[in-house]
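Engineer: Before I ask anything, let me first share the structure, which is written out below as structure tokens.
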Amino acid sequence: MTFALQYCHITVDDMNEAVAFYRDGLAFEVRSDVGDGGQRWVTLGDPVHGGPEIVLSSAYAGRSEAEGDALRELLVKGLLPMIVFSSDDIDADFERVRATGAEVLQEPIDRPYGVRDAAFRDPAGNTVRFHQPLKG
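Read in order, the letters of the sequence shown are residues 1 to 136 in the UniProt record's numbering.
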């Protein structure tokens, strides 16, 4: 049996801001935009490399009010798990994301464990990191 990651869910509080960040800043394409009962899920994917898709949703999408409240509280505090993307040109990607006005947490830096990495917060406060293997 073979398993592969298909979707990665990211909780956001403003869908339009989040879509703009992941579409324009990270250069993902919108694959689907679905609404149901006042909720909305947007799926985005890498148009060049494929791979897992990102599903943006609110804290209340598919959850009870109490569950949504608890998840939203974690989101507001910045306590949800980070997401890490690999990059083949971290400096260019960093500048494209910075141009969206995203909060910079860390400019690109070479790490002793063999990667160059950088970090932002998306419009909802989720930590988004990029890394690129160091050459040589």
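All C-beta atoms in this analysis are idealised placements derived from N, C-alpha and C, irrespective of residue type, glycine included.
If you follow the beta strand (DSSP E) that G51 is in, where does it begin and where does it stop?
Structural biologist: Run containing G51: 50-57, per the beta strand (DSSP E) assignment.
Engineer: Straight-line CA distance for D91 to F28?
Structural biologist: Approximately 17 Å between the Cα atoms of the pair.
Engineer: Using DSSP's beta-bridge definition, name the partner residues of S32.
Structural biologist: Answer is T43.
Engineer: With a floor of 3 residues, list each beta strand (DSSP E) that falls wholly inside the region 55-110, ordered by position along the chain.
Structural biologist: Entirely contained in the region 55-110, the beta strand (DSSP E) runs reaching 3 residues are, in chain order, 83-86, 103-110.
Engineer: Between which two residues does the beta strand (DSSP E) holding V12 run?
Structural biologist: Unbroken run through V12: none, as it is neither H nor E.
Engineer: Between residue 137 and V104, which are expected to be in contact by the criterion C-beta below 8 Å, what is the C-beta distance as a whole number of angstroms?
Structural biologist: In this structure the chain extends from 1 to 136, so residue 137 is not present and cannot be described.
Engineer: Using a Cβ-Cβ cutoff of less than 6 Å, which residues in the same chain neighbour Q106 once the five nearest sequence positions on both sides are dropped?
Structural biologist: The answer, listed in chain order, is A118, A119.
Engineer: What did DSSP end up calling F130 once you bin it into helix, strand or coil?
Structural biologist: F130 falls in the strand class under three-state DSSP.
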